[in-house]
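Some notes on the structure that comes next.
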Amino acid sequence: MATQATDVTEATFEEEVLASEKPVIVDFWADWCGPCHMVAPVLDEIVAERSDEVRLVKVNIDEEPELASRFGVMSIPTILLFREGEPAAATLGAQPKRMLERALGLAA
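What follows is the structure in structure tokens.
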């Protein structure tokens with residue numbers, strides 16, 4: 031499955047996330063993080079099923095440490111859901127799909 035995510039940086043975060051009309055899932059991750067690689071396809075699946083409702087972006091904390099610090103990211107993966115430019119839900123760690131959906135307020 032191709033990723034549904036867009037990589038964002040400090041320079042593009044406001045436009046891609048804060049100004050988005052749709053809710054945005056922000057996946058804070060790093061290349062060396064095993065659990066990050068485990069959760070990525072689960073997030074892709076969640077977003078693929080809701081492509082008209084929600085977007086997915088990724089923030090590499092090694093490349094964007096200021097952005098991670100700005101949102102209090104202390105461990106990864108940290109997954110935040112933004113609605114109307116504000117963090118509305120958060121969860122930590124690799125989790126099964128249903129748990130992620132519940133934690134992010136996306137459960138059916």
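The opening residue of the sequence shown carries number 31 in the working numbering; numbering runs sequentially from there. We treat Cβ as the ideally placed atom computed from N, Cα and C, and that holds for glycine. None of these values were measured; they are calculated from a predicted model.
| Asked | Found |
| --- | --- |
| Span of the alpha helix (DSSP H), counted from its first residue to its last, around F140 | Because the chain is modelled from 31 through 138, residue 140 falls outside the range shown and cannot be assessed. |
| Distance CB(V56)-CB(L130) smaller than 7 Å | no |
| Same chain, Cβ closer than 6 Å to F112, neighbours up to 5 away in sequence not counted | V47 and V54 |
| Start and end residues, beta strand (DSSP E) containing L111 | T108 to R113 |
| Simplified DSSP assignment, three categories, for V72 | helix |
| Span of the alpha helix (DSSP H), counted from its first residue to its last, around R132 | K127 to A133 |
| Cβ separation of V84 and V77, assumed to be a contact under 8 Å, to the nearest whole Å | 6 Å |
| Sequence-distant residues of its chain with Cβ nearer than 7 Å to F124 (five each side left out) | Here the sequence assigns Ala to residue 124, which means Phe is not the residue at that position. Within the same chain, A124 has close Cβ partners P65, M68, V69 and P107. |
| C-beta atoms of V72 and V38 nearer than 7 Å | no |
| Top-ranked residue by Cα proximity to L134, from A119, K127 and P126 | A119 |
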